[in-house]
Amino acid sequence: AQKITQTQPGMFVQEKEAVTLDCTYDTSDQSYGLFWYKQPSSGEMIFLIYQGSYDEQNATEGRYSLNFQKARKSANLVISASQLGDSAMYFCAMREDPHVTGNQFYFGTGTSLTVIP
Amino acid sequence: DAMVIQNPRYQVTQFGKPVTLSCSQTLNHNVMYWYQQKSSQAPKLLFHYYDKDFNNEADTPDNFQSRRPNTSFCFLDIRSPGLGDAAMYLCATTQSGSSYNEQFFGPGTRLTVL
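Going down the list, the sequences are from chains A and B. Under the numbering used here, the first sequence has 212 at position 75, and the numbering climbs by one with no breaks. Under the numbering used here, the second sequence has 18 at position 28, and the numbering climbs by one with no breaks.
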């Protein structure tokens, strides 16, 4: 089974609107971390936001927030007030308990976001 | 600023000509990774080091090798590059011990094979 699933290969959003990028995960570990990265056309992977499995509140970082639904095993990224510079590939990733499964990170297949002026 | 540095940013090589990509970090992280990423795909893990312990992914071709001479540096050697090895190569680091520690990525090296 896939550890991380991103079901939206491509998304379009109007500038200044909000957009939600979906991510579901699969793990049996109690302790895990969920991460979102942005990859513009330059290729660099930019860390955006993370959510720990024990965190009760949804993470927020500026215009980014993470809608964490533990029972559904989903960790959707919400970008508010989209800007043209948000056009990029977005990857969801998970790190399981390193004491159990080592130091590997699992990546989804990514969502390509295009912001329309 | 603490960071992950990759050199060169762009590398052009000829079919079959060995190439070495380098990565250095000032974060003092004990885990370092090499990923291969082709266009519009997720990064594919090639190797990672936990301190000096080397972990090779099962499907990483023998054509790829890696060295980590010290905590700060890691190298990726491609012994005989083929056209299929043209890709972005990403180096990343993290600190072990917690699932909450994120990976920090370098800017990548874009490899072209002629």
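Backbone N, C-alpha and C define an ideal beta-carbon position, used for all residues, glycine too.
Can you give me the C-alpha to C-alpha distance between residue i and residue j, rounded to a whole angstrom?
i, j, result
"A/Gln188", "A/Ser224", "23 angstroms"
"B/Ser62", "A/Phe244", "25 angstroms"
"B/Gln15", "B/Asn60", "11 angstroms"
"A/Lys140", "A/Lys210", "11 angstroms"
"A/Lys207", "B/Thr3", "47 angstroms"
"B/Pro(-2)", "B/Arg57", "17 angstroms"
"A/His236", "A/Thr197", "27 angstroms"
"A/Pro254", "A/Ala155", "13 angstroms"
"B/Ser88", "A/Thr238", "11 angstroms"
"B/Tyr90", "A/Asn204", "17 angstroms"
"A/Ser215", "A/Lys175", "A small correction: the amino acid at residue 215 of chain A is Val; Ser does not occupy that position in the sequence shown. For A/Val215 and A/Lys175, the distance between alpha carbons rounds to 13 angstroms."
"A/Ala230", "A/Phe242", "6 angstroms"
Pop quiz: residue i and residue j are said to be a contact at Cβ under 8 angstroms. What is the actual Cβ separation, rounded to whole angstroms?
i, j, result
"B/Leu101", "B/Asp75", "7 angstroms"
"B/Gln(-4)", "B/Ser12", "7 angstroms"
"B/Pro33", "B/Leu80", "6 angstroms"
"A/Thr248", "A/Leu185", "Rounded, the Cβ-Cβ distance is 13 angstroms, inconsistent with contact."
"B/Thr83", "B/Val(-6)", "6 angstroms"
"B/Asn53", "B/Arg69", "5 angstroms"
Indicate whether at least one CB of chain E lies closer than 8 angstroms to the CB of residue i.
i, result
"A/Arg232", "The chain inventory of the structure shown lacks chain E, comprising the protein chains A and B."
Please confirm whether any heavy atom of the ligand FMN lies closer than 7 angstroms to the CB of residue i.
i, result
"B/Thr99", "As for the ligand FMN, it is missing from this structure, which has no ligand bound."
Worksheet item: When you check each C-beta in the stretch 160 to 181 of chain A against every C-beta of chain B, which residues fall closer than 7 angstroms?
Response: Ser168, Tyr169, Gly170, Phe172, Gly180 and Glu181
Discussion item. Can you confirm whether the stretch 156 to 173 of chain A touches the stretch 2 to 9 of chain B when touching is taken to mean that 3 or more C-beta pairs between the two stretches lie within less than 8 angstroms?
Written reply: no
Fill in: Inter-stretch contact at 8 angstroms, needing at least 3 Cβ pairs: the stretch 65 to 81 of chain B / the stretch 212 to 227 of chain A
no
Discussion item. At 3 residues or longer, what runs of the beta strand (DSSP E) sit wholly inside the stretch 14 to 70 of chain B?
Written reply: 21 to 27, 34 to 40, 43 to 46, 54 to 57 and 63 to 68
Item to complete: Say whether the stretch 141 to 152 of chain A touches the stretch 189 to 203 of chain A, bearing in mind that this needs 3 or more beta-carbon pairs closer than 8 angstroms, one atom from each stretch.
Response: no
Worksheet item: Taking Cβ-Cβ distances below 9 angstroms as the criterion, which residues of the stretch 74 to 97 of chain B are in contact with chain A?
Response: Met78, Leu80, Ala82, Thr84, Ser86, Gly87, Ser88, Ser89, Tyr90, Asn91, Glu92, Gln93, Phe94, Phe95, Gly96 and Pro97
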